[in-house]
Structure formats: C-alpha cells, structure tokens
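Enquirer:
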Amino acid sequence: MKEAAKGGAEEYSPEAAVLAYIRSLFMESDRGFVLLAFERVDELLKDLHIRHIHAVSRPSNKLVSELFGWPGPVSSPSARIKLAFAYGLMSQDEFANLEVVREIRNKAAHSRQDFGFGFSFIQELVSKLEAPLRIPPELQAQLSESKRSALQNPSKDENTTKMYFLLTVECLASAILILTLETLKQQQQNRLSGEGV
Numbered sequence: 002m003k004e005a006a007k008g009g010a011e012e013y014s015p016e017a018a019v020l021a022y023i024r025s026l027f028m029e030s031d032r033g034f035v036l037l038a039f040e041r042v043d044e045l046l047k048d049l050h051i052r053h054i055h056a057v058s059r060p061s062n063k064l065v066s067e068l069f070g071w072p073g074p075v076s077s078p079s080a081r082i083k084l085a086f087a088y089g090l091m092s093q094d095e096f097a098n099l100e101v102v103r104e105i106r107n108k109a110a111h112s113r114q115d116f117g118f119g120f121s122f123i124q125e126l127v128s129k130l131e132a133p134l135r136i137p138p139e140l141q142a143q144l145s146e147s148k149r150s151a152l153q154n155p156s157k158d159e160n161t162t163k164m165y166f167l168l169t170v171e172c173l174a175s176a177i178l179i180l181t182l183e184t185l186k187q188q189q190q191n192r193l194s195g196e197g198v
C-alpha cells in the first residue's frame with residue numbers, strides 16, 4: 002500500500018481490503034470460513050433491503066431497527082433472502098444459490114459433528130451451486146489456477162470444494178452489490194423527479 006503524504010498513514014485500497022479479507026478466511030477452520038463468508042453476503046443483503054426500503058418509502062429509523070432487529074420480520078438471513086426474491090430484487094438463480102449457501106452456513110453453525118469441505122454431504126451441497134458457472138469466459142481466464150480448477154471440478158477434493166464455495170460467495174456478493182447500486186440509482190431518480198413517497 003502507498004503511504005500518504007502526511008502522517009505516514011497508509012492509503013485505503015479496496016482491492017487490498019478484499020484480498021486481506023479473503024486471506025483471513027483461509028486462516029479460519031472450514032466452519033469459520035463458511036460462517037464469515039456468509040456473514041458478508043448477509044450484511045450486503047441487509048444493506049440492499051434497507052436501501053430498497055428507503056428508495057420506495059421514508060420509514061423512521063425506529064421502524065427500520067424494528068424490521069431488522071430480533072425478532073423483526075427481516076431479522077433472519079432466511080427472511081432477507083426470501084423477501085429479496087419475493088420483491089423481485091434478485092433472480093431465481095441468485096435465490097437458489099443463496100438458499101444453498103444458507104443451508105451450508107446452517108450446517109456449519111448448528112452441527113455438533115465435525116464440519117469441513119472434505120465431507121461428502123458438504124461437497125454434494127456445493128455441487129448444487131451454479132453462480133460461478135455464469136462467470137464469462139473472458140473473466141474466467143483471469144482467475145487464479147486454483148479457482149479455474151474449482152470451476153472445472155468443484156468436488157475434486159476439499160480444497161477445490163472450498164474454492165468453489167468462495168467463488169459462489171464472491172459471485173453472489175457482486176450480484177447483491179450491483180442490485181444495491183441499481184436501488185441507489187432508483188432512489189436518486191425518485192428524489193430528482195419528486196416521485197418519492
């Protein structure tokens with residue numbers, strides 16, 4: 002990272018932050034890897050919902066807190082995923098992939114048994130994920146060798162399964178960020194045109 006001209010502070014780099022985050026995931030157990038990766042997607046979903054709500058109405062901060070705080074109607078990851086699909090904020094494919102990722106997350110979070118990407122039941126769930134298969138070929142060519150290997154055979158071994166899961170989470174996070182940007186654009190257009198509620 003570059004040093005800032007004054008004070009020797011390091012300049013923020015989004016790319017470096019993402020790489021640091023991904024590296025930190027690989028320092029976790031498989032259980033921790035899944036929980037932290039899912040947490041990122043869930044936070045993005047929550048942000049998407051909040052921005053969508055503000056794009057179509059002007060709720061109080063108290064109401065938003067009640068919606069997303071426990072035991073509010075949008076307090077669980079399951080509710081956030083289902084509601085985003087029901088409102089048309091995401092596609093059927095994104096919904097299906099998020100539901101499988103959530104199922105893997107729940108197995109990691111609630112199982113008393115050993116958990117890992119080497120277990121056949123996890124590999125079977127990961128093999129249901131299709132989001133990485135929609136990565137355009139020109140972008141696939143830019144992926145690391147381990148990610149390309151995971152695309153070709155997600156259940157080859159626990160490392161490729163783990164990498165394929167990560168690719169799925171990255172694809173879904175990117176899709177949610179794009180949806181959030183579209184929501185922000187709509188919110189801005191509503192404000193400019195005076196159509197906002």
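Numbers in our numbering are just positions in the sequence shown, counted from 1, shifted up by 1. Glycine is no exception: its CB is placed at the ideal position from the N, C-alpha and C atoms.
What does the alpha-carbon distance come out to for the pair residue 47 and residue 81?
Expert: Within the sequence shown, the letter at position 46 stands for residue 47. Within the sequence shown, the letter at position 80 stands for residue 81. Between residue 47 and residue 81, the C-alpha separation is close to 7 angstroms.
Enquirer: Is it buried or exposed for residue 27, if we count other Cβ within 10 angstroms and need 16 for buried?
Expert: The residue you call residue 27 lines up with position 26 of the sequence shown. Result: exposed.
Enquirer: Helix, strand or coil: which one does DSSP assign to residue 118?
Expert: Stepping through the sequence shown from its first residue, residue 118 is reached at position 117. Three-state result, residue 118: coil.
Enquirer: For my contact list, residue 117 and residue 31 are in at a C-beta cut-off of 8 angstroms; report their separation, rounded to the angstrom.
Expert: Sequence index remark: in the sequence shown, residue 117 carries index 116 (1-based). Sequence index remark: in the sequence shown, residue 31 carries index 30 (1-based). Confirmed, about 4 angstroms.
Enquirer: Which class does residue 90 belong to by DSSP, given the choice of helix, strand or coil?
Expert: Against the sequence shown, residue 90 aligns to sequence position 89. Reduced to three states, the DSSP call for residue 90 is coil.
Enquirer: List in chain order: all unbroken alpha helix (DSSP H) runs of 4+ residues lying wholly within the segment 123-149.
Expert: If we require 4 residues or more, the alpha helix (DSSP H) runs fully inside the segment 123-149 come out as 138-141.
Enquirer: Does residue 103 pass the burial test, meaning 16 or more other C-beta atoms within 10 Å, or should it be called exposed?
Expert: The sequence position of residue 103 within the sequence shown is 102, counting from 1. Classification of residue 103: buried, given that the 10 Å Cβ count is 16 or more.
Enquirer: Is the distance from the Cβ of residue 132 to the Cβ of residue 182 below 9 angstroms?
Expert: Counting from 1 along the sequence shown, the entry for residue 132 is found at position 131. Counting from 1 along the sequence shown, the entry for residue 182 is found at position 181. Cβ distance not < 9 angstroms, so residue 132 and residue 182 don't count as in contact.
Enquirer: Taking 9 angstroms as the cut-off, decide whether the C-beta atoms of residue 174 and residue 68 are in contact.
Expert: As a working mapping, residue 174 is identified with position 173 in the sequence shown. As a working mapping, residue 68 is identified with position 67 in the sequence shown. Contact: no.
Enquirer: Is residue 123 near residue 172, with beta carbons less than 9 angstroms apart?
Expert: As a position in the sequence shown, residue 123 is number 122, starting the count at 1. As a position in the sequence shown, residue 172 is number 171, starting the count at 1. The answer is no: Cβ separation not under 9 angstroms.
Enquirer: My output table needs one value for residue 154: the three-state DSSP class, helix, strand or coil.
Expert: Your numbering for residue 154 matches position 153 in the sequence shown. Reduced to three states, the DSSP call for residue 154 is coil.
Enquirer: Give a yes or no on contact between the segment 35-42 and the segment 105-120, applying the rule of three or more CB pairs nearer than 8 angstroms.
Expert: yes
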